[in-house]
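Q: This structure is in structure tokens; I'll ask about it shortly.
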Amino acid sequence: MHPVEITDGVYWTGAQDPDLRIFDVIMHAPRGTTYNSYLVQGKQRNALIDVVKASFTGPFLENLGRLIDPASLDYVVVNHTEPDHSGALAAVIETTGSAQLVCAKNARRFVEGLLNRDVGPMQVNEGDELDLGDRKLRFIIAPFLHWPDTMFTYLEPDGILFTCDFLGAHYADERLFNDQVDDYSHEFRYYFDIIMRPFKSYVLEALDKIEALDITMICPSHGPILREKVDYYLRCYRDWASQPTPDAEKRLLVFYASSYGNTARLGEEIAAGAREAGMSVGIFDLNATKPEAVVDAIEAADAVAVGSLTINGDAVKPVWDLLSSLATLNLRGKVAASFGSFGWSGEAPKFIAQRLGDLKMKVLGEPVRAQLVPTAEDLAACRDLGRQIGQAVAAKT
Ligand code: FEO
């Protein structure tokens with residue numbers, strides 16, 4: 002796709018990747034994606050904002066050459082160094098010769114890691130400006146959206162905000178603008194859930210920083226450019242990133258996978274102990290529960306207990322499917338426990354506990370394990386674990 006002038010002297014010069022179906026291993030992309038790059042031409046200087054994935058380097062440089070002599074490029078602004086936006090950076094630096102790379106301070110180590118050499122990037126701080134002549138770029142440091150390096154670039158007087166991943170979506174459409182493409186609200190929300198949701202507090206901080214700006218257009222680096230209902234999209238992010246009002250009632254969610262009902266029995270006893278400690282409890286059989294249906298509930302819960310039988314020395318797939326779905330949630334400090342019945346080895350509860358700990362949850366004591374049919378002692382240990390969960394949750398408040 003050739004470059005498109007999105008307003009006087011500002012060009013989309015990215016790449017469309019409509020056939021992509023899985024992004025970064027973790028995301029479905031049924032409508033493909035785009036790697037948006039933008040060229041801003043000032044009266045005296047020009048700047049390229051973000052580049053594209055390495056595999057699109059050839060067409061990208063060709064397109065850039067349609068707009069300017071690459072040797073005349075003054076600045077390459079790197080809002081984010083993840084390779085889908087910086088894979089072509091080495092080739093761009095080489096082709097343009099003397100262009101100055103511009104990035105946030107936090108991005109320098111990533112830039113060096115990408116290029117394996119020090120290109121002496123200009124490291125900008127909050128509010129720093131680059132004068133392009135008749136227009137200027139102002140930098141807004143917006144870390145952890147979703148890497149430590151991220152920043153926004155604001156073009157004055159045009160009022161265009163370049164946000165890289167923030168407010169983006171995996172959605173390829175050559176019509177480019179949100180008022181021209183079909184409804185992509187599902188992709189917009191899915192992108193937030195997977196990429197921005199773990200960083201809700203940073204999302205809110207960034208929204209506060211840009212609240213006073215006069216924004217006419219938002220140019221993210223994936224998906225459509227937002228030039229209509231800009232406030233609506235900003236409001237969506239604010240709503241989604243705002244913490245849910247905590248329930249007065251503390252809540253435990255118990256998940257289990259069980260072949261013969263033994264692990265289920267342990268889970269029920271943990272639930273009973275937690276209820277005795279004043280908690281409300283939800284119990285889910287993972288053989289009949291899709292992880293995506295419960296992630297919101299997990300994020301809102303105060304505690305989680307996960308149980309699995311052991312097969313071939315491991316927890317079973319429905320359990321791992323759940324655990325691998327939790328990486329995008331902020332679970333730090335949530336109370337957690339694991340349990341499971343087993344035949345002769347019983348490693349599953351230990352592996353589950355490790356994973357819950359890796360997710361920064363506060364894992365209580367040793368996992369409860371029961372060989373085959375739980376004994377009265379096993380059930381008592383589970384009931385006690387449920388009470389401990391209740392007490393640990395109460396101690397946090
Ligand atoms: Fe689209 Fe974080 O890269």
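If you count the sequence shown from 1, position 149 lands on 150 in the numbering used here, and the numbers rise without skipping. From the three backbone atoms N, C-alpha and C, an ideal C-beta is built for every residue, glycine too. All of these numbers come straight from a predicted model, not from anything done at the bench.
How close, in whole Å, do the beta carbons of Gly283 and Ala298 come, if the pair is a contact with beta carbons under 8 Å?
A: Against the sequence shown, residue 283 aligns to sequence position 282. Against the sequence shown, residue 298 aligns to sequence position 297. With 8 Å as the limit, Gly283 and Ala298 qualify as a contact, their Cβ atoms being about 7 Å apart.
Q: Quick check: what's the CA-CA separation for Thr246 versus Ile226?
A: As a working note, residue 246 is residue 245 in the sequence shown. As a working note, residue 226 is residue 225 in the sequence shown. Residue confidence for Thr246 is low, a pLDDT of 44 falling below 50, so the modelled location carries little weight and cannot support an answer.
Q: Can you find a heavy atom of ligand 1 that lies under 7 Å from the Cβ of His147?
A: Working through the sequence shown from its first residue, we reach residue 147 at position 146. His147: yes, Cβ under 7 Å from ligand 1.
Q: Indicate the three-state DSSP secondary structure (helix, strand or coil) for Pro247 in the structure shown.
A: Reading the sequence shown from its first residue, position 246 is the one you call residue 247. Confidence at Pro247 is low in this model, with a pLDDT of 48, below 50, so the placement of that residue should be treated as unreliable; the coordinate-derived value is given next. Coil at Pro247, not helix or strand.
Q: Which residue wins for smallest C-alpha separation from Leu116, given the options Thr82, Ile141 and Met123?
A: Numbered from 1 along the sequence shown, position 115 holds the residue referred to as residue 116. Comparing Cα positions, the closest option is Thr82.
Q: Pick helix, strand or coil for Val93, following the three-state DSSP scheme.
A: As a working mapping, residue 93 is identified with position 92 in the sequence shown. Residue state, collapsed to three classes: helix.
Q: How many whole angstroms separate the CB atoms of Asn387 and Ile271, which I take to be in contact at a CB cut-off of 8 Å?
A: Here residue 387 refers to the residue found at position 386 of the sequence shown. Here residue 271 refers to the residue found at position 270 of the sequence shown. Sequence inspection shows Gly at residue 387; the Asn mentioned does not correspond to that position. Going by Cβ atoms, the distance from Gly387 to Ile271 rounds to 4 Å, so yes, they are a contact pair.
Q: Can you tell me where the beta strand (DSSP E) holding Trp13 begins and where it ends?
A: Numbered from 1 along the sequence shown, position 12 holds the residue referred to as residue 13. Looking at the DSSP string, the run of the beta strand (DSSP E) that includes Trp13 is Val11 to Trp13.
Q: Closer than 7 Å by C-beta to Ala371: which residues in its own chain qualify, once you throw out the five before and the five after it? Chain order, please.
A: Residue numbering aside, residue 371 sits at position 370 when the sequence shown is read from its first letter. The residues are Asn263, Leu267, Ser342 and Asp379.
Q: Please specify which runs of the alpha helix (DSSP H), each continuous and at least 4 residues long, are wholly inside the stretch 41–111, giving them in chain order.
A: Listed in chain order, the complete alpha helix (DSSP H) runs (minimum 4 residues) inside the stretch 41–111 are 58–68, 84–87 and 90–97.
Q: Compare the C-alpha of Met152 against each of Tyr203, Asp180, Ile195 and Leu177 and name the closest.
A: For the purposes of this step, residue 152 is identified with residue 151 of the sequence shown, where counting begins at 1. Answer by Cα proximity: Tyr203.
Q: Could you tell me if the beta carbon of Ser56 falls within a distance shorter than 7 Å of some heavy atom in ligand 1?
A: For the purposes of this step, residue 56 is taken as the residue at position 55 of the sequence shown. No; taking the cut-off as 7 Å, the Cβ of Ser56 has no heavy atom of ligand 1 nearer than that.
Q: For His29, which of helix, strand or coil comes out of DSSP?
A: Position 28 of the sequence shown holds residue 29. His29 falls in the strand class under three-state DSSP.
Q: Measure the beta-carbon distance from Val1 to Met123 and round it to whole angstroms, keeping in mind my assumption that it falls under 8 Å.
A: Not covered by the structure: residue 1. The range shown for the chain is 2 to 398.
Q: Grab me the residues of Asp215's own chain with a C-beta within less than 6 Å of its C-beta, minus the 5 sequence neighbours each way, in chain order.
A: Counted from its first residue, the sequence shown places residue 215 at position 214. The residues are Gly160.
Q: Measure the CB-CB distance between Lys363 and Val320 and report whether it falls below 8 Å.
A: Counted from its first residue, the sequence shown places residue 363 at position 362. Counted from its first residue, the sequence shown places residue 320 at position 319. No; because the gap between Cβ atoms is not below 8 Å, this pair is not in contact.
Q: Please tell me whether Val182 and Asp174 are closer than 8 Å, where the distance is taken between their beta carbons.
A: As a position in the sequence shown, residue 182 is number 181, starting the count at 1. As a position in the sequence shown, residue 174 is number 173, starting the count at 1. In this structure, Asp174 lies closer than 8 Å to Val182 by Cβ.
Q: Apply the 10 Å Cβ neighbour rule to Asp51 and answer buried if 16 or more other Cβ atoms are within range, or exposed otherwise.
A: Your numbering for residue 51 matches position 50 in the sequence shown. Classification of Asp51: buried, given that the 10 Å Cβ count is 16 or more.
Q: Name, in chain order, the residues that DSSP records as bridge partners for Lys137.
A: Reading the sequence shown from its first residue, position 136 is the one you call residue 137. Paired residues: Asp132 and Glu157.
Q: For Thr329 and Ile196, I'd like the C-alpha separation in whole angstroms.
A: The count along the sequence shown starts at 1 and reaches residue 329 at position 328. The count along the sequence shown starts at 1 and reaches residue 196 at position 195. Looking at the two C-alpha atoms, the distance is approximately 7 Å.
Q: Is it the case that the Cβ atoms of Pro350 and Pro375 are separated by a distance below 8 Å?
A: Start at 1 with the first residue of the sequence shown, and residue 350 comes out as number 349. Start at 1 with the first residue of the sequence shown, and residue 375 comes out as number 374. No.
Q: In the DSSP assignment, what residue or residues form a beta bridge with Tyr36?
A: Translated into positions along the sequence shown, residue 36 becomes position 35. Its beta-bridge partners are Ala16.
Q: Measure the C-alpha to C-alpha separation of Asn80 and Thr311 and round it to an integer number of angstroms.
A: Counting from one through the sequence shown, the residue named residue 80 turns up at place 79. Counting from one through the sequence shown, the residue named residue 311 turns up at place 310. Near 46 Å, if we compare the C-alpha coordinates of Thr311 and Asn80.
Q: Does His187 pass the burial test, meaning 16 or more other C-beta atoms within 10 Å, or should it be called exposed?
A: Locating residue 187 in the sequence shown gives position 186, where the first residue counts as 1. When all chains shown are included, His187 counts as exposed.
Q: Mind pulling the beta strand (DSSP E) runs of 3 or more residues that sit fully within the stretch 195–247?
A: As far as the stretch 195–247 is concerned, its whole beta strand (DSSP E) runs of at least 3 residues are 218–221.
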